[in-house]
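Asker:
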Amino acid sequence: MDFSTSNTINVQTIEESRIKNVDLSNIKFGSIFADHMFECDYTDGTWKNASIRPYGPISLSPAAKVFHYGQAVFEGMKAYKDEQGKLWLFRPEQNFERINKSAKRLAIPEFPKDLFFEALNKLVKLDHHWIPEGYGNSLYIRTFVIATESNVGASPSNLYKFMIITSPAQSYYTGEVRVEIAEHFSRSANGGVGAAKAAGNYAAQFYPTNLAREKGFQQVIWTDASSHEYLEEAGTMNVFFRVNDSLLTAPISDRILDGVTRKSLIQLARMDGINVEERRVRVSEIVEAANNGTLKEIFGAGTAAVISPISAFSYQDQVYELTPQTDSYASLFKKRLLDIQFNRAEDPFGWRYEVK
Ligand SMILES: *Cc1c(COP(=O)(O)O)cnc(C)c1O
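The numbering of the sequence shown is numbering that gives the first Met the number 0, which starts it at 0 and goes up by one.
1) Per DSSP, Pro167 forms a beta bridge with which residues?
2) For Phe95, which of helix, strand or coil comes out of DSSP?
3) Are there 16 or more other CB atoms within 10 angstroms of the CB of Ala344, so buried, or fewer, so exposed?
4) Going by beta-carbon coordinates alone, are Leu294 and Leu264 separated by less than 8 angstroms?
5) Measuring only the C-alpha atoms, how far is Pro155 from Asn274?
6) Are there any heavy atoms of ligand 1 lying less than 7 angstroms away from the beta-carbon of Glu92, as far as the coordinates show?
7) Would the segment 325-332 and the segment 66-78 be scored as touching if the rule is three or more Cβ pairs under 8 angstroms?
8) Output needed for Thr4: all residues of its chain with C-beta closer than 8 angstroms, excluding positions within five of it in sequence on either side, in chain order.
9) Less than 7 angstroms between the CB of Leu256 and some heavy atom of ligand 1, yes or no?
10) Where are the beta strand (DSSP E) runs, 3 residues long or more, that stay fully inside the segment 165-199, in chain order?
11) Cα-Cα, which of Ser60, Val286, Asn243 and Arg269 is closest to Val151?
12) Taking DSSP as the reference, what is the three-state secondary structure of Phe110?
13) Could you tell me whether the segment 131-139 touches the segment 166-178, using the rule of 3 or more Cβ pairs below 8 angstroms?
14) Please name the residue or residues paired with Arg52 in a DSSP beta bridge.
15) Considering only residues of the same chain and omitting the five flanking positions on each side of Glu14, which have a CB-CB separation below 6 angstroms?
16) Measuring straight from C-alpha to C-alpha, what distance separates Ala71 and Asn290?
17) Using the Cβ count rule (16 or more neighbours within 10 Å means buried), how would you classify Ile8?
18) Whole angstroms are fine: how far does the CA of Tyr206 sit from the CA of Leu246?
19) Kindly indicate which residue of Asp326, Ala303, Ile285 and Arg212 has the alpha-carbon position closest to the one of Tyr319.
20) Classify Asp126: buried if its beta carbon has 16 or more other beta carbons within 10 angstroms, exposed otherwise.
21) Quick check on the DSSP output: what are the complete beta strand (DSSP E) runs of length 3 or more inside the segment 231-301, in order along the chain?
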């Protein structure tokens with residue numbers, strides 16, 4: 000892939016890296032940040048003052064619109080280091096397109112492509128030593144845009160800040176995840192913002208997820224808001240059901256986040272000759288498959304955990320346990336994706352992007 004770059008970013012590097020104070024073999028996801036961050040402001044109708052500077056606090060007016068009306072969107076991606084020390088991203092153009100799609104839905108101005116890629120390359124190169132050694136480890140990259148205008152009038156902001164921060168991440172296994180199928184709460188609705196990576200979508204999920212936790216389930220499988228009869232997403236991941244040897248997943252709509260992991264997994268599975276059905280999946284169909292033994296696996300798919308196997312689900316107060324599979328698709332596709340991301344396997348679809 001080739002993206003034009005221009006030298007428009009003002010770079011101020013840290014005097015001494017903070018990395019010596021950090022144990023990269025023992026980190027909690029999302030809690031530690033690398034030395035630098037990228038920042039760019041939108042004023043007078045354009046993005047300007049692009050800079051990379053030491054990671055640290057930003058100053059905002061208490062009246063900044065993001066605090067009052069939630070005009071905020073984000074992206075999550077990862078940088079990987081292979082055995083030769085080369086740095087890779089995975090399908091970053093997908094994240095670029097998606098943050099602008101999310102921005103548009105929240106009346107936030109789009110960010111320019113050349114600057115997005117220049118910032119990513121510069122920042123990852125600068126802080127690559129923060130990527131923990133080892134297969135599956137990465138530098139989690141959080142890009143986000145917030146409304147910064149100091150004005151509590153209920154209208155879109157005239158000022159925004161686009162930022163990139165990065166956080167070292169160890170490969171993690173989510174453990175056995177037990178989920179509850181939503182019968183009352185919804186993550187998104189027709190015509191809403193479910194397809195956007197809007198910060199507010201997450202805020203709205205926390206309360207129902209807490210209720211599920213109190214009952215012993217770590218996550219909620221969201222169903223459609225109108226009937227609660229169709230399965231849509233698992234927590235903050237897309238969800239797949241393996242019935243016999245077919246994979247079923249909800250089709251992309253304005254209620255579903257169009258995940259990069261989801262679409263990549265679908266392409267790999269089809270290349271392997273696995274039947275993948277992107278269609279509405281009824282709760283009753285999955286309950287029936289659980290009862291007659293044809294439901295083999297359920298798993299979530301998303302950048303942070305890659306694939307997260309689900310060991311049990313609850314519906315109408317009945318718990319259905321899944322039997323671990325020796326030929327698990329969840330482990331197969333986790334390895335297939337990681338091998339491509341870490342430059343250990345052929346990249347049949349040209350997904351890897353080398354950071355230079
Ligand atoms: C980010 C996200 C996903 C996963 O998307 P990836 O591009 O695979 O990381 C799935 N569902 C929701 C609701 C999300 O916010």
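Here a beta-carbon is modelled for each residue, glycine too, at the ideal position from N, C-alpha and C.
Answerer: Short version:
1) Leu138
2) helix
3) exposed
4) no
5) 44 angstroms
6) no
7) no
8) With a pLDDT of 42 at Thr4, under the threshold of 50, the modelled position of this residue cannot be trusted, and the question is left open.
9) yes
10) 176-180
11) Ser60
12) coil
13) yes
14) Met36
15) none
16) 43 angstroms
17) buried
18) 30 angstroms
19) Ile285
20) buried
21) 236-242, 245-248, 275-277 and 294-301
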